[in-house]
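Chemist: To start, I am sharing the structure in question, which I have written as structure tokens.
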Amino acid sequence: MAETWKNAPRFLPDDPYERAKIRFWASFFNQQLFEGVGRVVTTDGEAQEKATNDLFEKLKVFEEGMNEFFPGDSPTPSINGENMGLLDILMCTLFGPYKIHEKVVGIKTIDPERNPLLSSRLMALTEQPVMKEINPPHEKLLALIHFIRQNALQSSVP
Numbered sequence: 067m068a069e070t071w072k073n074a075p076r077f078l079p080d081d082p083y084e085r086a087k088i089r090f091w092a093s094f095f096n097q098q099l100f101e102g103v104g105r106v107v108t109t110d111g112e113a114q115e116k117a118t119n120d121l122f123e124k125l126k127v128f129e130e131g132m133n134e135f136f137p138g139d140s141p142t143p144s145i146n147g148e149n150m151g152l153l154d155i156l157m158c159t160l161f162g163p164y165k166i167h168e169k170v171v172g173i174k175t176i177d178p179e180r181n182p183l184l185s186s187r188l189m190a191l192t193e194q195p196v197m198k199e200i201n202p203p204h205e206k207l208l209a210l211i212h213f214i215r216q217n218a219l220q221s222s223v224p
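According to my numbering, the stretch in the sequence shown is residues 67 to 224, in order.
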């Protein structure tokens with residue numbers, strides 16, 4: 067994309083080393099955080115408690131890594147629809163509906179005290195007009211997450 071649309075918003079930096087670091091964190095995000103949220107949503111009892119603790123540890127690692135890319139972002143990061151990068155998009159995709167996750171599962175995954183950088187960045191991102199336009203309706207997403215959880219819990223019963 068970067069070679070084709072040179073004047074478009076940049077999802078990755080021009081510098082190869084910086085681009086590699088973003089790709090590393092994007093991979094971490096997909097492999098660790100996405101799967102971690104999935105386990106929290108689709109389990110209950112002790113398995114959910116373990117999945118939640120694992121997710122909190124991975125969020126801590128992610129937040130520490132993000133300090134390099136978004137230094138001084140707390141409490142109010144400066145974002146506009148033109149400077150959103152790959153990590154911003156991934157954060158919105160997974161954590162944009164975190165309040166719905168909390169409602170369905172009953173666990174607060176994104177906490178401003180535990181994850182100040184992620185929380186502040188996420189709040190700023192979800193307030194962007196482009197994000198408001200593409201977010202699915204609250205009730206539909208709530209029903210979908212509820213459906214996914216119920217199916218996972220029912221299929222795990224012997």
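Beta carbons: idealized from backbone N, C-alpha and C, even for Gly.
(1) Less than 8 Å separating the Cβ of Ile214 from some heavy atom of the ligand MG?
(2) Leaving out the 5 sequence neighbours to the left and right, which residues in its chain are closer than 8 Å to Arg85 when beta-carbon positions are compared?
(3) Using the Cβ count rule (16 or more neighbours within 10 Å means buried), how would you classify Asp225?
(4) Roughly how many angstroms separate the alpha carbons of Ile214 and Ser185, rounded to a whole number?
(5) Look at the alpha carbon of Ile200 and the alpha carbon of Glu112, and state the distance between them as a whole number of angstroms.
(6) Alpha helix (DSSP H) containing Leu191: first to last residue?
(7) Are the CB atoms of Gln98 and Val127 within a distance shorter than 9 Å?
(8) Distance, Cα to Cα, Phe122 vs Gly102?
(9) Between Asp110 and the rest of its own chain, which residues show a CB-CB distance below 8 Å, the 5 nearest in sequence each way excluded?
(10) Can you give me the C-alpha to C-alpha distance between Lys198 and Arg89, rounded to a whole angstrom?
(11) Could you check how far apart the C-beta atoms of Ile211 and Ile173 are, in whole angstroms? I think they sit under 8 Å.
(12) As a quick exercise: from Cys158, Ser222, Phe100, pick the residue whose alpha carbon is nearest that of Val196.
(13) Tell me whether Ala209 is buried or exposed, calling it buried when 16 or more other Cβ atoms sit within 10 Å of its Cβ.
(14) Would you kindly report the start and end of the unbroken alpha helix (DSSP H) that includes Asn119?
(15) Quick check on the burial criterion: 16 or more other C-beta atoms within 10 angstroms. Buried or exposed for Asn181?
Modeler: Straight from the coordinates:
(1) Here there are no bound small molecules, and the ligand MG is not part of this structure.
(2) So the list reads Leu78, Pro79, once near-sequence residues are dropped.
(3) Beyond the ends of the chain as shown, which are 67 and 224, falls residue 225; an answer cannot be given.
(4) Taking the CA atoms as reference points, Ile214 sits about 25 Å from Ser185.
(5) Their backbone Cα atoms lie some 35 Å apart in a straight line.
(6) For Leu191, the enclosing alpha helix (DSSP H) starts and ends at 182–192.
(7) Yes, the Cβ-Cβ distance between Val127 and Gln98 is below 9 Å.
(8) Each residue's alpha carbon lies about 9 Å from the other.
(9) The residues Leu219, in chain order, have a CB closer than 8 Å to that of Asp110 in the same chain once the five nearest residues on each side in sequence are set aside.
(10) Computed Cα separation, rounded: 26 Å.
(11) Not a contact, Cβ separation roughly 13 Å.
(12) Taking each of Cys158, Ser222, Phe100 in turn and checking the Cα distance to Val196, the smallest one comes out for Cys158.
(13) Burial call: exposed.
(14) 111–135 is the span of the alpha helix (DSSP H), which, as asked, contains Asn119.
(15) Here Asn181 is buried, its C-beta having at least 16 other C-beta atoms within 10 Å.
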